[in-house]
Amino acid sequence: MNKYKQGIQNAFETKYNNGALEETNNKIKVIKRVAYGYRNFFNFRARIYIMQGLIFTTKISPVKQSV
3 MNKYKQGIQN AFETKYNNGA LEETNNKIKV IKRVAYGYRN FFNFRARIYI MQGLIFTTKI
63 SPVKQSV
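In this text, residue positions in the sequence shown follow the working numbering: the first is 3, and each later residue adds one.
Listed below in C-alpha cells is the structure:
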C-alpha cells in the first residue's frame with residue numbers, strides 16, 4: 003500500500019481522471035471489432051473521426067432525372 007500512497011493521494015487532491023480517454027479507446031476498439039476490417043487505414047481513421055464527431059457527414063439525396 004505504501005508503494006501506491008503518492009498516487010492515491012494525488013488522485014484525491016487533483017480530481018483528474020482518464021475517463022474520457024478510456025471512453026475514446028473503447029469506442030475505437032468497438033469500431034475495429036465490428037468493422038471486420040477496413041479496406042485501408044484511411045477509411046478506418048475516417049470512421050473513428052465520424053464516431054467522435056470530428057467529421058460531419060450529410061446524406062445526399064439522389065437527383066431525380068427527368069425523362
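Cβ coordinates follow ideal geometry from the N, Cα and C atoms, glycine included.
Within 9 Å, strictly: CB atoms of residue i and residue j
i   : j   : result
I57 : K29 : no
F46 : Y40 : yes
Cβ-Cβ separation, residue j to residue i (assumed contact under 8 Å), whole Å
i   : j  : result
I33 : M3 : Not quite, the Cβ-Cβ distance comes to about 38 Å (not below 8 Å), so this is no contact.
Length of the line joining the Cα atoms of residue i and residue j
i   : j   : result
N19 : R35 : 26 Å
F43 : L23 : 21 Å
Q11 : G21 : 18 Å
A13 : N27 : 21 Å
G55 : Q8  : 37 Å
E15 : K5  : 18 Å
Residue i: CB within 8 Å of a non-hydrogen atom of the ligand FAD
i   : result
R49 : In the structure on display, the ligand FAD does not appear, and there are no ligands present to speak of.
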